[in-house]
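Everything on this sheet refers to the single structure shown next.
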Amino acid sequence: MKSTVSALLMASMLVTTGCSNQEASYDPTVFNDYAISSSDYSTLNYLYSFSAADFQITANLVDGLVEQDNYGNIVPSLATS
């Protein structure tokens, strides 16, 4: 009885996955990057944070004088000249 039910279940899954007419679309311009932290942060003071979990958060809190654009060129961020 269990083998019959499992065979019917496998056959129905095979039929439903094979009937899809939609193709998987890939758009290289859409990029989603998610970071999952595995531990809690110890401090939000970026001068004293040394762990990777702290750096993932504190790196987004401070702007620098210069930054890199999409092509790797250094452009001013907070610097005016």
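Residue numbers (my numbering): 44 to 124. The C-beta atom is built at its ideal place from N, Cα and C for all residues, glycine as well. Source: prediction; values computed, not measured.
Asked                                                                                                 : Found
Which of helix, strand or coil DSSP assigns to I79                                                    : coil
V58 - DSSP class collapsed to helix/strand/coil                                                       : helix
Test item: CB-CB of I100 and L87 under 8 Å                                                            : yes
Contained alpha helix (DSSP H) runs [length at least 4] in the stretch 81–120, N- to C-terminal order : 95–101
Backbone secondary structure at T47 - three-state DSSP                                                : helix
Any non-hydrogen atom of the ligand COA within 7 Å of L104 CB                                         : No copy of the ligand COA occurs in the structure displayed, which carries no ligand at all.
Nearest to D106 (by Cα), restricted to the options S124, P119 and A95                                 : P119
Per-residue burial, D125 [other beta carbons within 10 Å of its own, 16 or more giving buried]        : This structure gives no information on residue 125, because the portion of the chain shown stretches from 44 to 124.
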